[in-house]
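These protein sequence lines are chains A and B, in that order. Here my numbering is used: position 80 in the first sequence is 82, and no number is missing along the way. Here my numbering is used: position 214 in the second sequence is 216, and no number is missing along the way. Yeah, the Cβ is synthetic: ideal placement off N, Cα and C, and Gly gets one too. Notes follow once the structure below has been shown.
2 protein chains.
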Amino acid sequence: MTTHKGFDPQDFRAALGTFTTGVTIITTRAADGEPIGITANSFNSVSLNPPLVLWSLAKNARSREAFANAKHWNVHVLSAAQEALSGRFARQGEDKFSGLELDEGISKAPLLNGCTARFQCRTAFSYDGGDHIIFVGEVLAYDRSELPPLVFQSGQYALAARKPREEVRLGSTPPPECSYTEDLLGYLLGRAHYQMLHALRQLLSTQALDERSFFILSVLSIRDGLSLQEINGFISYTGMLADETSMSALESQRLVAIEQDEERTRYVLTADGREASLRQIALAKAVEEDVAAKLGTGDTMALKLLLKRLIASSDPGMPDLWSPR
Amino acid sequence: MTTHKGFDPQDFRAALGTFTTGVTIITTRAADGEPIGITANSFNSVSLNPPLVLWSLAKNARSREAFANAKHWNVHVLSAAQEALSGRFARQGEDKFSGLELDEGISKAPLLNGCTARFQCRTAFSYDGGDHIIFVGEVLAYDRSELPPLVFQSGQYALAARKPREEVRLGSTPPPECSYTEDLLGYLLGRAHYQMLHALRQLLSTQALDERSFFILSVLSIRDGLSLQEINGFISYTGMLADETSMSALESQRLVAIEQDEERTRYVLTADGREASLRQIALAKAVEEDVAAKLGTGDTMALKLLLKRLIASSDPGMPDLWSPR
């Protein structure tokens, strides 16, 4: 427990930062008409009747005078895609509004778009808050979109992974002596992967293809004209390997053609092969849309983010499939 | 855009709720010594010097008098495991503190444990906030743990999936005509699954086992004495199926024994089979600990939560492996 005298500003800030927040940009217009905006996560709702919200501004902020004199200001709850905008409005000195289209609001305060929610306010009170001023505003108008909101926690942007009201359980609680539970990450990743693969497998069976052929076609659809060794460099992480037999099978299905020059053999997709691969990708995208509809856009973004972080942290050194040659 | 006169309280609340927050429990002690506590997400930091925080309390709250008269109150930033505690302190009439161990604080205000951060405060100001009172407190002492915080967004609890400062990219940006990108959920799930499987595959090869055998042993380690058909009911989602040849191979490796009665053939794990399975589970747990160390505890919890939601939403109707018989 750190008591008052021993407060280290950085450590105290870190402790406060564990309280998760959204991210807002708050805008107003200076007396001379200049648009003013800053990023703030000190926003919160206060009252429903009358509808009041609050946020606080450092007394030494360059925008202090503008906000102190302004009658109106707008709070923009930023969406997950507005991380760069958050950064722009958090820095000083830039022409923050450059290139931004503004919507028409009920006051002259700039109204940004692409946000999760917007609250157009009139200052109701301003209160002393130590080195900050607390602005309490009456909400005169508001709107919101379905865009997932941007989150901030411990100095990092984040996305929310929402918990349903009922606990998500896949099976019964295992007896205590069972060392294998549904909570094992490896089990969850495997089961999620195989369940997502279910529809693709059905398509592959109508295409008379196995999973290995699917991976080979996928790689060739991104980078054509590869040698067997290069193909395997991209698919070996699956535990499957292509060999001349598997390539011949794809050739006899007229999905792949062989290009032989003096030095080596390269494989290219035929028009049929590209068509087959496109159908697989279209199906994968349809399955993903179905998942996104069930989980929600923000949660699906969060899942992808976490999977990418997991992959990056356990990457055995796979070659970059998309790098230009 | 909804303007003032048209405010529907429920819709306005929903718009405010898109601003993500942490969850706190704020405690004090009434004049008669009764412990008081409420769940609040209206907390925020205000000032570093002096160290001030704020939160707001409904004017019609039962605890209003206690907080208005108290000099001291404590803010507890709840951890991800404290969802039930949040619910308990959000409801009225319960003996909220029943069974809770309290820590010794600098005032008589109850100090809960198991939190992400705690701020022990003395009321500095209290301000009018419409139907709420805004309490601004000077932080006299604080502490924090490494426990991941609980998040609240749009009326649901959540976990944060943090974004690193640098964008997570697995490969180069694909050319615009490429329809196959690293952003495809199916690709990410497959690659994450196969990368997590990498260490297990190495173990399996020292055990002279293939993946199908791994799934068979795993199922038998949870539910012993299954018929071939029952085993396949549990592993068919992987696309792999057990047959008598695969079971005979496991029997000749002395990992599985065959129990024949009049009606049918059942398979049971031998002591060696159980030992082999335990080594696989131990490895899977070690791989998971490694991931959790890299991603962080909270992000790993978020990943598991999202995978469970994905699995539950795309479950083709798998039998419950852990259900009691």
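How close, in whole Å, do the beta carbons of residue i and residue j come, if the pair is a contact with beta carbons under 8 Å?
{"i": "residue 297 of chain A", "j": "residue 315 of chain B", "result": "7 Å"}
{"i": "residue 321 of chain B", "j": "residue 235 of chain B", "result": "5 Å"}
{"i": "residue 132 of chain B", "j": "residue 49 of chain A", "result": "3 Å"}
{"i": "residue 187 of chain B", "j": "residue 306 of chain A", "result": "6 Å"}
{"i": "residue 104 of chain A", "j": "residue 76 of chain A", "result": "Wrong, their Cβ atoms sit about 10 Å apart, outside the cutoff."}
{"i": "residue 223 of chain A", "j": "residue 182 of chain B", "result": "6 Å"}
{"i": "residue 289 of chain A", "j": "residue 198 of chain A", "result": "6 Å"}
{"i": "residue 19 of chain B", "j": "residue 162 of chain B", "result": "Wrong, their Cβ atoms sit about 17 Å apart, outside the cutoff."}
{"i": "residue 126 of chain B", "j": "residue 54 of chain B", "result": "6 Å"}
From this set, the options, which residue's C-alpha is nearest residue i's C-alpha?
{"i": "residue 217 of chain B", "options": "B:69, B:286, B:114", "result": "B:286"}
{"i": "residue 308 of chain A", "options": "B:321, B:175, B:223, B:166", "result": "B:166"}
{"i": "residue 255 of chain A", "options": "A:212, A:283, A:235", "result": "A:212"}
{"i": "residue 227 of chain B", "options": "B:33, B:262, B:144", "result": "B:262"}
{"i": "residue 141 of chain B", "options": "B:46, B:249, B:319", "result": "B:46"}
{"i": "residue 192 of chain B", "options": "A:41, A:12, A:202", "result": "A:202"}
{"i": "residue 26 of chain B", "options": "B:269, B:10, B:56, B:291", "result": "B:56"}
{"i": "residue 252 of chain B", "options": "B:214, B:267, B:289, B:61", "result": "B:214"}
{"i": "residue 159 of chain A", "options": "A:85, A:230, A:44, A:173", "result": "A:85"}
{"i": "residue 168 of chain A", "options": "B:12, B:311, B:207", "result": "B:311"}
{"i": "residue 66 of chain B", "options": "B:54, B:39, B:204, B:90", "result": "B:39"}
{"i": "residue 139 of chain A", "options": "A:81, A:90, A:73", "result": "A:73"}
{"i": "residue 241 of chain B", "options": "A:326, A:195, A:267", "result": "A:195"}
{"i": "residue 34 of chain B", "options": "B:93, B:210, B:111", "result": "B:111"}
{"i": "residue 302 of chain A", "options": "B:208, B:42, B:43, B:313", "result": "B:313"}
{"i": "residue 326 of chain A", "options": "A:225, A:277, A:95, A:146", "result": "A:225"}
{"i": "residue 17 of chain B", "options": "A:17, A:43, A:78", "result": "A:78"}
{"i": "residue 277 of chain B", "options": "B:145, B:43, B:209, B:189", "result": "B:209"}
{"i": "residue 284 of chain A", "options": "B:69, B:180, B:294, B:108", "result": "B:180"}
{"i": "residue 60 of chain A", "options": "B:51, B:60, B:61", "result": "B:51"}
{"i": "residue 92 of chain B", "options": "B:43, B:173, B:71, B:304", "result": "B:43"}
{"i": "residue 164 of chain B", "options": "A:244, A:275, A:24", "result": "A:24"}
{"i": "residue 109 of chain A", "options": "A:68, A:31, A:146", "result": "A:31"}
{"i": "residue 13 of chain B", "options": "A:144, A:267, A:8", "result": "A:144"}
Which residues does DSSP list as the beta-bridge partners of residue i?
{"i": "residue 145 of chain A", "result": "A:120"}
{"i": "residue 75 of chain A", "result": "A:123"}
{"i": "residue 268 of chain B", "result": "B:261"}
{"i": "residue 26 of chain A", "result": "A:42, A:79"}
{"i": "residue 137 of chain A", "result": "A:57, A:128"}
{"i": "residue 105 of chain B", "result": "B:113"}
Using the C-alpha atoms, what's the distance from residue j back to residue i?
{"i": "residue 153 of chain B", "j": "residue 124 of chain A", "result": "29 Å"}
{"i": "residue 120 of chain B", "j": "residue 100 of chain B", "result": "20 Å"}
{"i": "residue 36 of chain B", "j": "residue 200 of chain A", "result": "58 Å"}
{"i": "residue 15 of chain B", "j": "residue 21 of chain B", "result": "10 Å"}
{"i": "residue 29 of chain B", "j": "residue 238 of chain B", "result": "52 Å"}
{"i": "residue 135 of chain A", "j": "residue 148 of chain A", "result": "32 Å"}
{"i": "residue 137 of chain A", "j": "residue 58 of chain A", "result": "6 Å"}
{"i": "residue 324 of chain B", "j": "residue 233 of chain B", "result": "13 Å"}
{"i": "residue 229 of chain B", "j": "residue 272 of chain B", "result": "15 Å"}
{"i": "residue 2 of chain B", "j": "residue 178 of chain A", "result": "Residue 2 of chain B falls outside the range modelled here, since chain B spans only 3 to 327, and no answer is possible."}
{"i": "residue 118 of chain A", "j": "residue 10 of chain A", "result": "35 Å"}
{"i": "residue 292 of chain B", "j": "residue 270 of chain B", "result": "32 Å"}
{"i": "residue 206 of chain B", "j": "residue 319 of chain A", "result": "22 Å"}
{"i": "residue 279 of chain A", "j": "residue 176 of chain B", "result": "17 Å"}
{"i": "residue 185 of chain B", "j": "residue 95 of chain A", "result": "35 Å"}
{"i": "residue 102 of chain A", "j": "residue 116 of chain A", "result": "11 Å"}
{"i": "residue 294 of chain A", "j": "residue 304 of chain A", "result": "11 Å"}
{"i": "residue 83 of chain A", "j": "residue 170 of chain B", "result": "15 Å"}
{"i": "residue 355 of chain B", "j": "residue 190 of chain B", "result": "Here chain B comprises residues numbered 3 to 327, so residue 355 of chain B is not present and cannot be evaluated."}
{"i": "residue 106 of chain A", "j": "residue 70 of chain A", "result": "23 Å"}
Between residue i and chain D, is the shortest Cβ-Cβ distance under 7 Å, so that the two count as touching?
{"i": "residue 240 of chain B", "result": "Here the protein chains are A and B, and chain D is not one of them."}
* What are the complete alpha helix (DSSP H) segments, minimum 4 residues, inside the segment 149-214 of chain A? -> 187-208
* Complete beta strand (DSSP E) runs within the segment 28-71 of chain B (minimum length 3 residues, chain order) -> 37-42, 46-49, 54-60
* Enumerated in chain order, which unbroken segments of the alpha helix (DSSP H) with a length of 4 residues or greater are wholly contained in the segment 221-264 of chain A? -> 230-237, 246-254
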